[in-house]
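Undergrad: If you read the sequence shown in my numbering, its first letter stands for residue 16, the second for the next number, and so on. All C-beta atoms, glycine included, are put in the ideal place defined by N, C-alpha and C. Quantities reported herein were computed from a predicted structural model and do not represent experimental measurements. After the structure tokens below, expect a handful of questions from me.
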Amino acid sequence: MPLDLIFYTNPMSRGQIARWMLEEVGEVYESVILDYGEAGMKSADYRAVNPMGKVPAIVHRGQVVTECAAICAYLADAFPAANLAPPPDQRHAYYRWLFFAAGPVEAAVTNKALGFIVPEGRERTAGYGSFDDTIDALETAVAGDQWICGEQFTAADVYVGSQIDWGLSFKSIPSRPRFESYVARLRERPAYKRQKEIDNGLIAQMQKPE
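Shown next as structure tokens:
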């Protein structure tokens, strides 16, 4: 019998973010590993799940959720026992930084990596303004010695933390003491370590010569 929670991913993708969140939740889930070709993410069967033909996606009791930030927020609400979301009346920072990372940070970092620079005087059109302004704002989210929502670790830390972690690893986000300190705390979480072990193992298998 299929499990209630199915996870579509590729270990060399943003699916690592969703897997980390799934490991934080602690529920049993089924992984479906897809390649990037016509038989995988671009197949008709998978496009019925996600018309974009990309991963990650989850199907929980027949309901599809795509986009990493949405998956993180959904799982926090679907499995409240994991305590990965603040009470509804205390979600100001939670929503603020989840959507900031999914919008301005993602756009600014991607554009810079692709060599696109917002023309002078067109910052308002870009939405995020400039790369430097975006990174400066992001730093304020992790300026303390706790988590984004204070003492409580939440789905916002999974998503925002993944953006910073990857950015530091691939040098698409500049190294700053606050970023380094925040990521060091994230990397000590058991669920983070489990995710890395699982996905790194899958990557090693995929890269074995036939």
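Is the segment 75 to 92 in contact with the segment 133 to 142, if contact means three or more CB pairs nearer than 8 Å?
TA: Cβ pair count under 8 Å is below three, so no.
Undergrad: I need the straight-line Cα distance from TYR174 to ILE32, nearest angstrom please.
TA: Going by the C-alpha atoms only, they are around 7 Å apart.
Undergrad: Using the rule of at least 16 other Cβ atoms within 10 Å of the residue's Cβ for burial, across every protein chain shown, is ALA96 buried or exposed?
TA: Its Cβ having fewer than 16 others within 10 Å, ALA96 is exposed.
Undergrad: According to DSSP, is GLN161 helix, strand or coil?
TA: Coil, per DSSP.
Undergrad: Can you check DSSP and say which residues form a bridge with GLN167?
TA: The partner list for GLN167 (beta bridge, DSSP) reads CYS164.
Undergrad: Given GLU154, which residues of its chain have a CB within under 8 Å of its CB, disregarding the five upstream and five downstream residues?
TA: Cβ within range, chain order: ARG191, ARG193, PHE194.
Undergrad: Where does GLU121 fall in DSSP's three states?
TA: Three-state result, GLU121: helix.
Undergrad: Report the start-end ranges of each beta strand (DSSP E) in the segment 82 to 143 that is 3 residues or longer and not cut off at the edges.
TA: The segment 82 to 143 contains no whole beta strand (DSSP E) run of 3 or more residues.
Undergrad: From what residue to what residue does the alpha helix (DSSP H) around ILE150 run?
TA: 146 to 156 is the extent of the alpha helix (DSSP H) around ILE150.
Undergrad: Are at least three pairs of beta-carbons, each pair with one atom in the segment 49 to 67 and one in the segment 20 to 35, less than 8 Å apart?
TA: Output reads yes: the segment 20 to 35 touches the segment 49 to 67.
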